[in-house]
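Counting in my numbering, the sequence shown runs from 1 upward without gaps. Just below is one structure, and these are the notes that go with it.
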Amino acid sequence: MSGQGLTGLSQWSRRLVAVGVLAWCLITVFPLYWVVVTAFKTPPGVVGGPTYIPFVDFTPTLQPFIDLYQGIRGEFFRTFLNSTIV
Numbered sequence: 001m002s003g004q005g006l007t008g009l010s011q012w013s014r015r016l017v018a019v020g021v022l023a024w025c026l027i028t029v030f031p032l033y034w035v036v037v038t039a040f041k042t043p044p045g046v047v048g049g050p051t052y053i054p055f056v057d058f059t060p061t062l063q064p065f066i067d068l069y070q071g072i073r074g075e076f077f078r079t080f081l082n083s084t085i086v
């Protein structure tokens with residue numbers, strides 16, 4: 001190891017490293033994107049098939065969050081507290 005970092009690499013090697021880093025960043029960030037997009041879908045929208053571009057394929061809704069805190073899953077805070085204590 002000469003301690004030069006990327007300065008000793010050729011231009012093509014630097015580009016290859018940049019493409020690799022960009023690909024790794026996309027692979028790492030995509031699951032977070034998927035979670036956020038899925039959180040704003042209705043249950044039929046989640047099981048209805050993949051939608052990769054949210055502003056084209058579906059209309060975002062806050063209904064899943066409303067159902068979580070009241071309504072269908074009204075016990076959320078109690079189960080969350082139990083999990084926090086354990």
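Each residue gets a CB set at the ideal place from its N, CA and C atoms; glycine is no exception.
query: When DSSP labels each residue in this structure, what does F40 get in the three-state scheme?; result: coil
query: Using beta-carbon positions only, say whether T38 and V46 come within less than 8 Å of one another.; result: yes
query: Going by the beta-carbon positions, is the gap between P60 and F80 smaller than 8 Å?; result: no
query: With DSSP run on the structure shown, which of helix, strand or coil describes V47?; result: helix
query: Could you check what DSSP says for P60 in three-state terms: helix, strand or coil?; result: coil
query: Check for me: the alpha helix (DSSP H) holding S10 runs from which residue to which?; result: S10 -> no alpha helix (DSSP H), and no H or E assigned at all.
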